[in-house]
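Count the sequence shown with mature numbering (1 follows the signal peptide of the UniProt record, and there is no 0) and you get residues 211 to 522, in order.
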Amino acid sequence: LRAKAAGLARPIGVGTAVASGPLVSDAAYRAIAGREFSALTPENDMKPQFVQPRRGVYAFAEADMLVDFARANDMAVHAHTLVWFEALPTWMRSASDKKTVMLDHIKTVAGHFKGRVAEWDVVNEPINEDNPDGLEHNLWHQAMGADYISQAFKAARAADPGAVLYLNEYGAEQDGGRWDALYKLVKKLRADGVPIDGVGLQNHEYEKADRTPPETFRKHVRALAALGLKVRVSEMDVVSGGDTTMQAKEFAGKLAVCRDEPACTTFGAWGFTDRFGSTADAGKYPVGPGDALPWDKSLNPKKAVTSMLAEL
Ligand code: XIL
Numbered sequence: 211l212r213a214k215a216a217g218l219a220r221p222i223g224v225g226t227a228v229a230s231g232p233l234v235s236d237a238a239y240r241a242i243a244g245r246e247f248s249a250l251t252p253e254n255d256m257k258p259q260f261v262q263p264r265r266g267v268y269a270f271a272e273a274d275m276l277v278d279f280a281r282a283n284d285m286a287v288h289a290h291t292l293v294w295f296e297a298l299p300t301w302m303r304s305a306s307d308k309k310t311v312m313l314d315h316i317k318t319v320a321g322h323f324k325g326r327v328a329e330w331d332v333v334n335e336p337i338n339e340d341n342p343d344g345l346e347h348n349l350w351h352q353a354m355g356a357d358y359i360s361q362a363f364k365a366a367r368a369a370d371p372g373a374v375l376y377l378n379e380y381g382a383e384q385d386g387g388r389w390d391a392l393y394k395l396v397k398k399l400r401a402d403g404v405p406i407d408g409v410g411l412q413n414h415e416y417e418k419a420d421r422t423p424p425e426t427f428r429k430h431v432r433a434l435a436a437l438g439l440k441v442r443v444s445e446m447d448v449v450s451g452g453d454t455t456m457q458a459k460e461f462a463g464k465l466a467v468c469r470d471e472p473a474c475t476t477f478g479a480w481g482f483t484d485r486f487g488s489t490a491d492a493g494k495y496p497v498g499p500g501d502a503l504p505w506d507k508s509l510n511p512k513k514a515v516t517s518m519l520a521e522l
């Protein structure tokens, strides 16, 4: 995949989320990650709960290992994520000085990886289309209002001026309230001069309703491009329920749009093998056995790999 994607008239990245456990324990997993992908997103190891388990106590060993693996295999690191409302240590939830906590975290973590990661998801999943302002009223919003988002991007830019800064969101590849709210938000951020460079559209396809037409995704890529933003498919997985032909078509359809749209920099999946599953397996969704990724449990390529190769 990565070789073909690099050979396109306009090369694109092919990314995967990588987990540190399997990377250490499973040589075959390691081999496919390094051979097939040119971009690596730490699946969990850079999240606040892991990098700052106690206030002021940082733990970078796993994340550093992933960064070293990426460097050794000539992969770009898409770092994930500085500000989110999940994967937080409990102390962070109860801290009374949220703004200081957020800014310290960004400064220290983005500073630690400065020069070694290409990109950051600065703010993850800020949208809630059911609220009047279109934003999730999470702990950061409660403390700082909508301004937490601009503050986070400014702090990330200051900490690592060379990193490309993304906002990452789910469910906005399709039309509807989530997309409308996301577009409104990033348009305002751009107009306000906030240092945001791109938007990640996660593209999780857990249920049938998530199998969104590539043309809708294309329309959204273009709308974001018109605001001067880059776009990436950041976390694609497709629960197949055994229908690997449908799954192959879904992966290939989004990949083809990314290949053709100049603003789209990377096509990324949320993991690559059913051996270690994807978010779809977390039990949150009624989706049956883990089958959402392009390689099966034995690490054999499924139809999705063939269909993606055919688009490159
Ligand atoms: C998920 C991981 O895949 C799981 O291992 C973990 O238990 C929970 O988080 N959107 C995101 C990712 O931005 O960070 C999430 O990752 C999946 C949804």
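Beta carbons are placed, not taken as given, at the ideal position from N, Cα and C, and that holds for glycine. Note that the coordinates shown come from a computational prediction; the quantities given were computed from them, not determined experimentally.
Near the ligand XIL: residue i beta-carbon under 7 Å from a heavy atom
i    : result
W350 : no
E384 : A quick correction: the sequence has Gln, not Glu, at residue 384. Result no, Cβ not under 7 Å from the ligand XIL.
Y239 : no
E335 : yes
Q412 : yes
Y380 : yes
W480 : yes
E415 : no
N338 : no
H290 : yes
E253 : yes
E272 : no
E445 : yes
Whole-Å CB distance - residue i paired with residue j, under 8 Å assumed
i    : j    : result
T291 : N378 : 7 Å
E339 : R388 : 5 Å
A435 : Y393 : No, A435 and Y393 are not in contact; Cβ-Cβ is about 12 Å, not under 8 Å.
A227 : E445 : 7 Å
L509 : A238 : 5 Å
Whether residue i touches residue j by CB criterion (8 Å)
i    : j    : result
E335 : Y380 : yes
L395 : I337 : yes
V441 : A373 : no
D447 : G481 : yes
A466 : E521 : yes
D370 : G321 : yes
E471 : R428 : yes
V224 : L211 : yes
P405 : L439 : no
T483 : L503 : yes
V332 : V293 : yes
A249 : M275 : no
A391 : G344 : yes
L313 : Q259 : no
K398 : T454 : no
K324 : L349 : no
K464 : V449 : no
A229 : E253 : yes
Y358 : H351 : yes
W505 : I222 : no
Q384 : T426 : yes
R485 : K507 : yes
V319 : V277 : no
A382 : L411 : yes
P299 : P342 : no
A419 : F461 : no
A297 : K257 : yes
N283 : G244 : yes
C474 : V409 : no
Opening and closing residue of the beta strand (DSSP E) in which residue i lies
i    : result
W330 : 329–334
P299 : Careful: P299 lies outside any beta strand (DSSP E) and carries neither H nor E.
P424 : Careful: P424 lies outside any beta strand (DSSP E), inside the alpha helix (DSSP H) at 424–436.
P252 : 249–252
R442 : 440–448
L411 : 408–411
Opening and closing residue of the alpha helix (DSSP H) in which residue i lies
i    : result
G376 : Residue 376 is actually Tyr in this sequence, not Gly. That residue, Y376, is in no alpha helix (DSSP H); its beta strand (DSSP E) goes 374–379.
E471 : No alpha helix (DSSP H) holds E471; DSSP gives it neither H nor E.
G321 : 308–322
A227 : First-last for A227: 223–228, but that is the beta strand (DSSP E), not the alpha helix (DSSP H).
M518 : 513–520
F260 : 258–261
G481 : Run containing G481: none; DSSP gives neither H nor E here.
I337 : Neither: I337 is in no alpha helix (DSSP H) and is coded neither H nor E.
S508 : Neither: S508 is in no alpha helix (DSSP H) and is coded neither H nor E.
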